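Protein chains in written order, with my numbering: chain A, 6 to 429; chain B, 992 to 1261. Notes follow the structure.
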Amino acid sequence: METQPTTIELVQASLTRRRRKERFLKGFGLGAICFAFMMLAILIISLVASGHSAFVQTHVTFEVFVDPEEIREKRLPRGGFDDALTASLGRHLTGLDLSDRATKKQVEKILSNGAQFHLRDLVVADPSLIGQTIELTVPVSDPYDQLHKGGIDPETPEEHRRLNDQQIQMFHQLVDAGIVSKPLNWGLIANADSRFPELAGLKGALIGSAWALLVCFLISFPLGIGAAIYLEEFAPKNRFSNLIEVNINNLAAVPSVVFGLLALSVFIGWFGLPRSAPLVGGMTLALMTMPTIIIATRAALKSVPPSIREAALGLGASPQQTVFGHVLPLAMPGILTGTIIGLAQALGETAPLLLIGMNAFITSAPDGPLASATALPTQIFIWADSPERGFASRTSAAILVLLGFLITMNAIAIFLRNKFERKW
Amino acid sequence: MRMETINMDANIETSKQVETPKITARNVDVFYDDMQALHDVSVDIPDRMVTAFIGPSGCGKSTFLRCINRMNDTIPICRVSGDIILDGEDIYDPRIDPVQLRARVGMVFQKPNPFPKSIFDNVAYGPSIHGLARDKTELEEIVEKALRRAAIWDEVKDRLKTPGTGLSGGQQQRLCIARAIATRPEVLLMDEPCSALDPIATAQIEELIQDLSSRFSVVIVTHSMQQAARVSQRTAFFHLGHLVEFGNTDDIFTRPTDSRTEAYITGRIG
C-alpha cells in the first residue's frame, strides 16, 4: 500500500516552486531598475560629454587703444570700434599686413561680433576713455572657441574645416602670447539669446520660464485646491460628480499640444493677449497643471483619517472650519508634493509653448509677464535647430540646466513632504 | 408625525412624576440606503445619570448614539425618521443647526482621536470656535478646568505645548474627554470609549464617567456588560436594530423581562 505524503513533504515540494517564482520576481524587478539607471546614466553622460564645453568660453584679454582718430566723442555711439579692436589685437600678431582689408577682416573675425558692442557700451558710459588704453576681456568667435576646445582637428584637410591654416596659425600666436583664457561661461546664464553662439545665453529663457511658472502656480494652485476641496469634502456623490471626476482624470491625460491649440485660439485669439508672452504661457501651463493638482489634492485629503473630521465635527466645528482648520493642514505635504511635481512637469513642457509663439528669437530678457520671451524647453528647441557648432554644446548645456532645475524642484518636494509630514 | 407628538407629550407627562428626561426619543427609524438599521426606537434618557447602551455588534447602538448629536448627517446615505427631543426641542427640526447642537451634545469616540496639535490647543479648540472665552486668561482657565475634570491635569500640566498625539492611549482618551467637556455640553455621548484601552486606563475612565454624571447626562455605548453594570444607572439593550429592553441597570442585570436580554447577559447570544 502506498503511503500518503505528509503535509511537510507536500509543503517542501511546493516550496521549491514558490522560491523559484520569488527569485524570478526579484530578479525581474532588479533588472528593470538596473535598466532604468543605465538609461539615465547614458542620458546624463552623453549630455555632459557634449555639453560640458559650453560651461567654459574662450576669451582673449588684450590692451585696447581707444583711438581718438576712429572714435570721436561727437559721433558716439557710432564709431570705428571694430577697427580699434582689430588694430589693438593685431599688435599681438606678426607677419600680417593690417592695411590689407582681407587680412584685417580675418583678424576682426577672431573676436566675437559682440566684442565691438561691449567696447562701445564701455565708451558710451565713460567717454573719457577715448584716447586711453584699456584692458579688455572679450569672447572669441565660435570657430576659434571650438578650435581652442579641441572641436576642430588641424589634421583634417583644409577645405573641410571652418578655419584655414593661416587662421589657426594666427590663433596659436595669441595662445603663445598668453592672452587666451577659458574662464567659466557666466554668459550662459547672464546673456539673453543671440545669433552668435559664443554670446547666446539662457537669461531670457530662465526669466521667461520663471514668469510662466509663477503665473501657472498663481492660477492652478488656488483653483486646483478649491476644486479638490469641493469635490472631496462638499460635493454630493452622484452621477454628475462622478462625471466630473472622470473628466478631470481625462484632462490630466490630454496631449499638451491640444492645450496649446486651445490657448492659441482662446487666450490669443479671443482675449487678444500678446503672442510669446509668459503670461499666456503660464495660463496654458496652468490648464495642464490643474488636473494634476486636483488629483494630488484629492488623494491627500482622502488620506487624512476620518477620525480627525469626526473629532472636529463632534466638537461643533462647521464643515468649513473642519476642512480649513484640520483636514487641509494635514493634507498640505501631499498637496505641496503634487503641486511641485505638476510645476516640474510644466517647466519641461514644450509643445503648448511652441504653439503660442514662445519659440521666437528674442535677444533681450523679458521685463514683465507681457513681454515676449522664450522658456527653457523652447530655448533648447531653438538652439537644437541652429546650425552653428557652438549651439550643439549649448543645447546640451541648456538641457543640463533644465534638468538641474527639475531635480531641485523634486528635491524641494521631497524636503517639504518630510518636513511637514505629521503622525496622527 | 403630529399625532405622535401629542402621544409623546402624554408620555412625558406620565414620566414626569419620576423625573424629567433630558432626551426623549420616539419612534426613531434609521436607514442606510434601503437597509433599516434601527426599528422604532423610543427611549427616555435621564439627566445627570449614566445611561448605557449594550448589545451585540451591529445591533444599532452606535447608530442610535450618533443620532443624538446628528453625526449621522455626515453619512450621505443615512436617513433618520421619528423624533429626538432634547430639552423640549426636536433636534431634527430644520431650524436646528447641527453645529449648535454638537456644542450642546459632546462626543467621545471609540478610538482616541486627538488633533495633531498641542495638548492645550486640543482642549482650547472647542471653546475658541464657539467663543466661550473672552480673552487668553479665561481660555487658559477653561482648559485647566477641563483637564482637571478629565483627571489628566497632573500628568500634562508641565507639557501643555507638546503634541497631544504623543500621549499614551489612556491619556489620549482622557484628553479627548477633556476636549469634549471644555465646550460645557449638556450631554456627553461616549462610543465605546474604553475599547482601545488597557484595564488600568479603563478603570480611570470609568471613575471619570461616574464623576461627570453629576454634571452632565452621559450616554455610553459599551461592549462590556461589566462596565455597563459598574458605571450606569440606566441600561438599554439593543438587538438586531430593536430596543429590546430599557430600565434601571440593576433590574436589567438581575431581573430582565425579555428572554433575549436574559440570553445576552448570560452569554448565550452576542
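Idealized CB from N, CA, C, for every residue including glycine. The structure presented is a predicted model; accordingly, all values stated were derived computationally and were not measured.
Burial check for Asp1025 (chain B): the Cβ neighbour count within 10 Å stays below 16, so the residue is exposed.
Setting aside the 5 residues that flank it on each side, Ile135 (chain A) is surrounded in the same chain by Val71, Pro73, Ile76, Arg77, Glu78 and Val128, each with a C-beta closer than 8 angstroms to its C-beta; the list follows chain order. At a cut-off of 9 angstroms, the C-beta of Ala322 (chain A) has a neighbouring C-beta in chain B. DSSP, read as helix, strand or coil, puts Thr1156 (chain B) in helix.
Between Glu315 (chain A) and chain B, the shortest Cβ-Cβ separation is below 9 angstroms. Chain B places a beta carbon closer than 9 angstroms to that of Lys242 (chain A), counting this residue as a contact. With fewer than 16 other Cβ atoms from the protein chains shown falling within 10 Å of its own Cβ, Thr413 (chain A) counts as exposed. Contact with chain B is found for His331 (chain A), since one of that chain's Cβ atoms lies less than 9 angstroms from the residue's Cβ. Taken atom to atom, the span from the alpha-carbon of Ala37 (chain A) to that of Phe29 (chain A) is near 12 angstroms. Arg1093 (chain B) belongs to the set of residues whose beta carbon lies under 9 angstroms from a beta carbon in chain A. Under the 8 angstroms Cβ criterion, the stretch 1202 to 1219 of chain B does not count as touching the stretch 1119 to 1139 of chain B, having fewer than three qualifying pairs.
Residues of chain B with a Cβ closer than 7 angstroms to the Cβ of Gln325 (chain A) do not exist, since the nearest Cβ in that chain sits about 10 angstroms away. Check the Cα spacing between Leu211 (chain A) and each of A:Leu15, A:Lys31, A:Leu381 and A:Asn415: the tightest is with A:Leu381. Proximity of chain A to Tyr1083 (chain B) at the Cβ level (cut-off 7 angstroms) is not reached, the minimal Cβ distance being about 17 angstroms. Closest in alpha carbon position to Arg1039 (chain B), among B:Glu1177, B:Ala1194, B:Ala1142 and B:Val1235, is B:Glu1177. Taking 9 angstroms as the CB threshold, Pro1107 (chain B) lines the interface with chain A. Beta-carbon to beta-carbon, Leu228 (chain A) and Phe60 (chain A) are separated by about 39 angstroms, too far to satisfy the 8 angstroms threshold. At the C-beta level, Ile367 (chain A) and Ala418 (chain A) stay beyond 9 angstroms of one another. With contacts defined as CB atoms closer than 9 angstroms, Thr63 (chain A) and Lys187 (chain A) qualify as a contacting pair. Counting only runs of 3 or more residues that sit fully inside the stretch 1021 to 1092 of chain B, the beta strand (DSSP E) segments are 1026 to 1037, 1041 to 1045 and 1069 to 1077, in chain order. Take Phe1237 (chain B), set aside five residues on each side of it, and the residues of its chain with a beta-carbon closer than 6 angstroms to its own are Val1034 and Ala1227, in chain order.
Neighbours of Leu318 (chain A) in chain B, taken as residues at a C-beta separation under 8 angstroms, are given in chain order as Met1062, Thr1065 and Arg1093. DSSP, reduced to helix, strand and coil, places Arg1170 (chain B) within a helical segment of the structure shown. Nearest in C-alpha terms to Asp1241 (chain B), of all of B:Phe1100, B:Arg1225 and B:Asp1149, is B:Arg1225.
For Lys1102 (chain B), the nearest CB of chain A lies under 9 angstroms from its own CB, placing it at the interface with that chain. In the three-state scheme derived from DSSP, where H, G and I count as helix and E and B as strand, Asp1182 (chain B) is classed as strand. In the DSSP assignment, Pro296 (chain A) falls within the unbroken alpha helix (DSSP H) covering Pro283 to Lys307.
The beta-carbon of Tyr1116 (chain B) is placed less than 9 angstroms from the nearest beta-carbon of chain A.
Taking a Cβ-Cβ threshold of 7 angstroms, the residues of chain A close to Met1098 (chain B) are Gly319, in chain order. Near chain A, meaning a CB-to-CB distance below 8 angstroms, the residues of the stretch 1163 to 1189 of chain B are Cys1167, Arg1170, Ala1171 and Thr1174. Beta-carbon to beta-carbon, Ala282 (chain A) and Ser225 (chain A) are separated by about 18 angstroms, too far to satisfy the 8 angstroms threshold. Counting C-beta atoms within 10 angstroms of its own C-beta, Glu1198 (chain B) has fewer than 16 neighbours from the protein chains shown and is therefore classed as exposed. Interface flag for Ser312 (chain A) against chain B is set, since a Cβ pair is found closer than 9 angstroms.
Taking C-beta atoms as the reference points, Ile313 (chain A) and Val285 (chain A) fail to come closer than 9 angstroms. Of the residues A:Val112, A:Phe396 and A:Phe425, the one whose Cα lies closest to the Cα of Ala205 (chain A) is A:Phe396. For Glu113 (chain A), the enclosing alpha helix (DSSP H) begins and ends at Arg106 to Glu113.
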